[in-house]
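Below: one structure, written as structure tokens.
Numbering (full-length UniProt numbering), first residue to last: 1 to 362.
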């Protein structure tokens, strides 16, 4: 399925994705001055707090930092602040942070209900619809996601003219031209527009089509700065990355002892809905490997420091000079894909929790 057909098939309608809700956020953000923008919500990291503190660990070095309050973690200054230019003259420059906070308020209660509720299939359709938007935004709002989006936004037009027909072969020349001309002039402004559009056009719907299941764990879980963990699953190789629509499993830790697992519709969520110690250890390793830079745990735990994951391959600015179309497309897609820690590993582990990949019997 090409990009245009995928958008047509997956575009989701939700109040939080409407222009009216965004306009309310802009109104509420009048006078907003806060510049510390959290790419992982504070309410979420509080679930790993003891005495108000959470431990952050630099994954590549294994160095644990002094435990801090969640509000002092996982933020970047002005990450969502719009540039002050002619395009934003009539807009509050920090409305996106307000927009995300409004969504978080409701979803924090949904997550509380999931953590306190039963294990097994999640059947509350209203909560799932809200959380699909929230999780779609979590995928697209991180620092590394911003880098990947800008890699596309800042790509020279000459490259885009070769790339867009390849991902949307049914598009007309007029549609391709409109797509290129529709971009906002400032790259950061365009990146924020893409962040919201991706959730509306693809991600929320692909998450909703999955089988949502709650598991508890017999050992503590960690989380990270890319906490929505897409697990491609067998028979794919260990260095594969498949986005939300096609991964076998998507895992989202909700607390040190609960994880939301979203199965591809072709799979069967297996019971028991408890992960034993070895399964939890394997999932923790996958969560740590998913991190861009930092993983988080309770101050009393030492799980991350003891997780054996390779360093993340460094990002290199793509050079499209003298490349044919196929190599240009490959390089552009690579720059927009999360860097996989397992690529340099000689003996990577098997996919975590092997019972998750069972297809229902016919």
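We put the CB at the ideal spot given by N, CA and C, even for glycine.
- Task: Below 6 Å CB to CB, which residues in the same chain sit around residue 295 once its five sequence neighbours on both sides are set aside?
- Result: Numbered from its first residue, the chain shown carries residue 295 at position 295. For residue 295, where only same-chain residues beyond five positions count, the Cβ hits under 6 Å are 57, 59, 222, 224, 288, 304.
- Length of the line joining the Cα atoms of residue 61 and residue 306: In the chain shown, residue 61 corresponds to position 61, counting from 1. In the chain shown, residue 306 corresponds to position 306, counting from 1. If I take the Cα positions, the gap works out to 11 Å.
- Message: Please state the DSSP three-state secondary structure of residue 113.
- Response: Your numbering for residue 113 matches position 113 in the chain shown. Correct three-state label for residue 113: helix.
- Can you tell me which of the three DSSP states residue 266 falls into? Working through the chain shown from its first residue, we reach residue 266 at position 266. Coil.
- Mind checking which residues open and close the beta strand (DSSP E) that includes residue 229? Residue 229 sits at position 229 when you count from the first residue of the chain shown. Residues 229–231.
- Inter-residue Cα distance where the pair is residue 153 and residue 191: Position 153 of the chain shown, counted from the start, is the residue given in the question as residue 153. Position 191 of the chain shown, counted from the start, is the residue given in the question as residue 191. Distance between the alpha carbons of residue 153 and residue 191: 7 Å.
- Item | Nearest-angstrom Cα separation, counted from residue 45 out to residue 36 | Translated into the one-based positions of the chain shown, residue 36 becomes position 36. Translated into the one-based positions of the chain shown, residue 45 becomes position 45. Their Cα atoms are separated by approximately 16 Å.
- Query: Relative to the C-alpha of residue 38, which residue among 157, 163, 75, 49 is closest?
  - Reply: Counting from 1 along the chain shown, the entry for residue 38 is found at position 38. Taking only the C-alpha atoms, the option nearest residue 38 is 75.
- Query: If we count the other Cβ atoms within 10 Å of its Cβ and call it buried at 16 or more, is residue 255 buried or exposed?
  - Reply: Walking along the chain shown from the start, residue 255 turns up at place 255. By the 10 Å Cβ count, residue 255 comes out buried.
- Three or more C-beta pairs closer than 8 Å, one from the stretch 244–255 and one from the stretch 313–321: is that the case here? no
- Message: According to DSSP, is residue 360 part of a helix, a strand, or is it coil?
- Response: Position 360 of the chain shown, counted from the start, is the residue given in the question as residue 360. Note: residue 360 maps to coil in three-state DSSP.
- Spell out the partners DSSP gives residue 58 in its beta bridges. Counting from one through the chain shown, the residue named residue 58 turns up at place 58. Per DSSP, 63, 294.
- Query: Which two residues bound the contiguous alpha helix (DSSP H) that contains residue 24?
  - Reply: Within the chain shown, residue 24 is the residue found at index 24, counting from 1. Note, residue 24: alpha helix (DSSP H), 19–28.
- Item | Enclosing alpha helix (DSSP H) for residue 335 [first to last residue] | Taking the chain shown and counting its residues from 1, one reaches residue 335 at position 335. It spans 325–335 - the alpha helix (DSSP H) in which residue 335 sits, taken as one unbroken run.
- Secondary structure at residue 241, three-state DSSP: helix, strand or coil? In the chain shown, counting from the first residue as 1, residue 241 sits at position 241. Coil, per DSSP.
- Task: Check residue 120 in the structure and name its three-state DSSP category.
- Result: Counting from one through the chain shown, the residue named residue 120 turns up at place 120. Reduced to three states, the DSSP call for residue 120 is strand.
- Task: Identify the continuous beta strand (DSSP E) that holds residue 213 and give its terminal residues.
- Result: To locate residue 213, count along the chain shown from 1; it is residue 213. Here the beta strand (DSSP E) through residue 213 covers 211–217.
- Message: Pull the bridge partners of residue 224 from the DSSP assignment, please.
- Response: Reading the chain shown from its first residue, position 224 is the one you call residue 224. In DSSP, residue 224 forms a bridge with 295.
- Whole-angstrom Cβ separation of residue 328 and residue 202, contact assumed at under 8 Å? Residue mapping note: residue 328 aligns to position 328 of the chain shown, counting from 1. Residue mapping note: residue 202 aligns to position 202 of the chain shown, counting from 1. No, residue 328 and residue 202 are not in contact; Cβ-Cβ is about 23 Å, not under 8 Å.
- Do you know how far the Cα of residue 325 is from the Cα of residue 235? On the chain shown, position 235 is the one that residue 235 refers to. On the chain shown, position 325 is the one that residue 325 refers to. The alpha-carbon atoms of residue 235 and residue 325 are separated by roughly 29 Å.
- Just the C-alpha distance for residue 96 and residue 243, rounded to the nearest angstrom, thanks. Indexing the chain shown from 1 puts residue 96 at position 96. Indexing the chain shown from 1 puts residue 243 at position 243. Cα-Cα distance, rounded: 24 Å.
- Item | Meets three-Cβ-pair contact criterion under 8 Å: the stretch 140–154 and the stretch 332–346 | yes
- Within 10 angstroms of the Cβ of residue 142, are there 16 or more other Cβ atoms? Answer buried if so, exposed if not. Indexing the chain shown from 1 puts residue 142 at position 142. Counting Cβ neighbours within 10 Å, residue 142 comes out buried, since at least 16 surround it.
- Are there 16 or more other CB atoms within 10 angstroms of the CB of residue 15, so buried, or fewer, so exposed? Residue numbering aside, residue 15 sits at position 15 when the chain shown is read from its first letter. Flag for residue 15 reads exposed.
- Task: Would you decide whether residue 71 is buried or exposed? Buried here means 16 or more other CB atoms lie within 10 Å of its CB.
- Result: Counting from one through the chain shown, the residue named residue 71 turns up at place 71. Exposed, since its Cβ has fewer than 16 Cβ neighbours within 10 Å.
- So, residue 355 versus residue 220, is the Cβ gap smaller than 7 Å? Along the chain shown, read from residue 1 onward, the residue named residue 355 stands at position 355. Along the chain shown, read from residue 1 onward, the residue named residue 220 stands at position 220. Result no, Cβ atoms of residue 355 and residue 220 do not sit closer than 7 Å.
- Item | Beta-carbon proximity list for residue 17, same chain, < 8 Å, skipping 5 on both sides | Counting from one through the chain shown, the residue named residue 17 turns up at place 17. 133, 196, 199, 200, 204, listed in sequence order.
- Message: Bridge partners for residue 32 per DSSP, in chain order?
- Response: Residue 32 sits at position 32 when you count from the first residue of the chain shown. Bridge partners of residue 32: none, in fact.
- State the Cα-Cα distance for the pair residue 249 and residue 183, rounded to the nearest angstrom. As a working note, residue 249 is residue 249 in the chain shown. As a working note, residue 183 is residue 183 in the chain shown. About 33 Å.
- Message: Considering Cα atoms alone, identify which of 81, 155, 67, 309 is closest to residue 193.
- Response: Position 193 of the chain shown, counted from the first residue, corresponds to residue 193. Looking at the Cα atoms, 81 is the closest of the given residues.
- Buried versus exposed, by CB contacts within 10 Å (16 or more), residue 55: For the purposes of this step, residue 55 is taken as residue 55 along the chain shown, with counting starting at 1. With 16 or more other Cβ atoms within 10 Å, it is buried.
- Skipping 5 residues on each side, what residues in its chain have a beta carbon closer than 6 Å to that of residue 65? Here residue 65 is taken as the residue at index 65 of the chain shown, counted from 1. The residues are 56.
- Query: Relative to the alpha-carbon of residue 266, which residue among 136, 119, 316, 233 has its alpha-carbon at the smallest distance?
  - Reply: As a position in the chain shown, residue 266 is number 266, starting the count at 1. Closest option to residue 266, Cα to Cα, is 233.
- Query: Going straight from the alpha carbon of residue 146 to that of residue 140, what length do you get?
  - Reply: The residue given as residue 146 occupies position 146 in the chain shown. The residue given as residue 140 occupies position 140 in the chain shown. Looking at the two C-alpha atoms, the distance is approximately 7 Å.
- Query: Out of curiosity, what's the CA-to-CA distance linking residue 119 and residue 217?
  - Reply: For the purposes of this step, residue 119 is taken as the residue at position 119 of the chain shown. For the purposes of this step, residue 217 is taken as the residue at position 217 of the chain shown. Approximately 11 Å, taken between the alpha carbons.
- Item | Bounding residues of the beta strand (DSSP E) (the contiguous stretch that carries residue 249) | On the chain shown, residue 249 is found 249 positions in, with the first residue counted as 1. Taken as a continuous stretch (DSSP letters only), the beta strand (DSSP E) holding residue 249 covers 249–255.
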